[in-house]
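J.:
Chains as they are written, first to last, in our numbering: chain E, 8 to 423; chain D, 16 to 137.
(1) For a quick check, are the C-beta atoms of residue 241 of chain E and residue 272 of chain E less than 8 Å apart?
(2) Buried or exposed: where does residue 18 of chain E fall if 16 or more other Cβ atoms within 10 Å of its Cβ makes it buried?
(3) Let me know the secondary structure DSSP gives residue 45 of chain D once reduced to three states.
(4) Whose CA, out of D:49, D:63, D:87, D:17, lies closest to the CA of residue 71 of chain D?
(5) On the three-pair Cβ rule with 8 Å, is the segment 20 to 34 of chain E touching the segment 175 to 194 of chain E?
(6) Taking Cβ-Cβ distances shorter than 7 Å, what residues in chain E pair up with residue 95 of chain D?
(7) Just verifying my parser: in three-state terms, what is the DSSP assignment at residue 14 of chain D?
(8) Could you tell me if residue 41 of chain E is buried or exposed, where buried requires 16 or more neighbouring beta carbons within 10 angstroms of its beta carbon?
(9) At what residue ranges does the segment 43 to 101 of chain E contain a whole run of the alpha helix (DSSP H), taking only runs of 4 or more?
(10) Applying the 10 Å Cβ sphere with the 16-neighbour rule, what's the burial state of residue 94 of chain E?
(11) Compile a chain-ordered list of the residues in the segment 64 to 76 of chain D whose CB is closer than 8 Å to at least one CB of chain E.
(12) Comparing the C-beta of residue 262 of chain E with each C-beta of chain D, is any distance below 8 Å?
(13) Report the residue from E:282, E:166, E:256, E:51 whose alpha carbon sits nearest the alpha carbon of residue 123 of chain E.
(14) I'd like the ranges of any alpha helix (DSSP H) spanning at least 4 consecutive residues and lying wholly in the segment 115 to 194 of chain E.
(15) Under three-state DSSP, which class holds residue 392 of chain E?
(16) Using CA coordinates, which residue listed in D:41, D:24, D:18 is at the minimum distance from residue 130 of chain D?
(17) For the alpha helix (DSSP H) that residue 265 of chain E lies in, which residues bound it at each end?
(18) Is residue 195 of chain E close to chain D, meaning its C-beta is less than 8 Å from at least one C-beta of that chain?
(19) With the cut-off set at 8 Å, would you say residue 180 of chain E and residue 318 of chain E are in Cβ contact?
(20) Can you give me the C-alpha to C-alpha distance between residue 171 of chain E and residue 62 of chain D, rounded to a whole angstrom?
(21) Going by alpha carbons, who is nearest to residue 385 of chain E out of E:214, E:129, E:343, E:312?
(22) Between the Cα of residue 11 of chain E and the Cα atoms of E:126, E:100, E:135, which residue gives the shortest distance?
(23) Can you give me the C-alpha to C-alpha distance between residue 72 of chain E and residue 372 of chain E, rounded to a whole angstrom?
(24) Give a yes or no on whether 8 Å exceeds the smallest Cβ distance from residue 35 of chain D to chain E.
(25) Does any residue of chain D have a CB that is nearer than 8 Å to the CB of residue 291 of chain E?
(26) Just to confirm my understanding: we take residue 158 of chain E, look at its own chain, exclude 5 residues before and 5 after, and list those with CB closer than 8 Å. What are they?
(27) Hey, is residue 62 of chain D's beta-carbon within less than 8 Å of any beta-carbon in chain E?
(28) Between the alpha carbons of residue 411 of chain E and residue 397 of chain E, how many angstroms are there, rounded?
(29) Tell me, to the nearest whole angstrom, how far the beta carbon of residue 488 of chain E is from that of residue 300 of chain E; I am working on the premise that it is less than 8 Å.
(30) Who are the neighbours of residue 415 of chain E on chain D, taking C-beta pairs under 9 Å?
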């Protein structure tokens, strides 16, 4: 019978808070890259996931992901947090495990928003991320971590390269296609309103990511130490390679590039964090820079308005990470499985299957959810609303109001 | 010479600039301003405080042109600055007494005529 280990519990309490911080971090990361008139809307797309997705997780998502069910989806035994109490799950209280996993559901939904900033009406967005977290995130989490078919097949995904990043990127691709490009896309220059916000977001995300990756060891143990070190060194390598690519291509190292590099490195190491040696981690981080770097450049020349490049950063970075996990995993470090480089080529095939299955299911289910919502309401803001900006039209607030011409209305809802 | 002053919507600025460029109007100054032309106020709420924004962000363009350039300049702004809703702004055409180009001390017509590549000696 498992017992509670207090050191493991202490670490997982901390890790849970750290991962929760990643969602506001994504808000800052994205919020800095849009135009000033859409700052609040973009940041709110992340912040509201904390509420809507978090509660959906407690009520039904957690059960569909982690209670016993079929290979495809969990059951309802843990719905409304029934049967989730302080008994041990592994070496930590079950309730803490459910809370920890909830922070993953929240950030995964928030990540999608980067593809659709500056043009989606907020009500349909809330509906979308709530349904998506239940119908897409929870089943895929079940496949890999909840006793589902990919886990049984032996797919390695330490902290969510497939479940979180590839999943979010596939959904992002579909939503960007369904919504269409912003009216100004490729017609006028759309430039970031606050690059320091983006740098701040990347820094906070990195801090939170130690909880995300090292916390996925579910205890204060050797596996957590390996994941922690990889989470530190891999993005460092990405940052170096990315900076050099920038330098060679344009003669300048960009700040947005640095912030992007950190995220790409973190994404790439996520599936591998507790499975590969630190040197392999550095290799993964370094290798991951180039595909995402060039995917970004190529995407900007297409009609696909994946506005903040969720596909290039999380999709391409996630796939590279998932596949390299299948190459560089080392049983002497993880005690679980070797990769292709260490005599187990089958692992690479399994990784490829996990990536493909996730992309296919996520894309199709996302499309179905969007089409269903579109039957009941309009997804897209009007051209006029896009022109004025979504802060004023969707939220009735401005990020940078100077207060000039603001007349106090004493009683809300009555005309003077 | 005339000074064309246009107050337009900020979200229309890029289109207007593009049209001016195509009409070969060169040399202009813009500033961010706030104003009110009778459009419906946006209501904003910050905690318990509800406010009406009586002033809206606008962009003011100032373009010094020689007389025969007034018409194309105004046409370019009219054709691209309009949305059809109240709040699209105004164009004022003002007489100008004197113009000096600071770099050369040129006056009037030659001061508002843009320098081409050859003239600048490049």
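Yeah, the Cβ is synthetic: ideal placement off N, Cα and C, and Gly gets one too.
Quick caveat, the model's predicted, so the values are computed rather than measured.
T.: According to the data block:
(1) yes
(2) buried
(3) strand
(4) D:49
(5) no
(6) In chain order: nothing, as chain E lies at least about 12 Å away.
(7) Nothing can be reported for residue 14 of chain D, as the shown portion of chain D is limited to 16 through 137.
(8) buried
(9) 46 to 63, 69 to 73
(10) exposed
(11) 64, 65, 66, 67, 68, 69, 70, 71
(12) no
(13) E:51
(14) 129 to 139, 145 to 152, 156 to 160, 174 to 186
(15) helix
(16) D:41
(17) 262 to 276
(18) yes
(19) yes
(20) 34 Å
(21) E:129
(22) E:100
(23) 16 Å
(24) no
(25) no
(26) 150, 151, 152
(27) no
(28) 20 Å
(29) Chain E is shown from 8 up to 423; residue 488 of chain E falls before or after that span and cannot be answered.
(30) 64, 65, 66, 67
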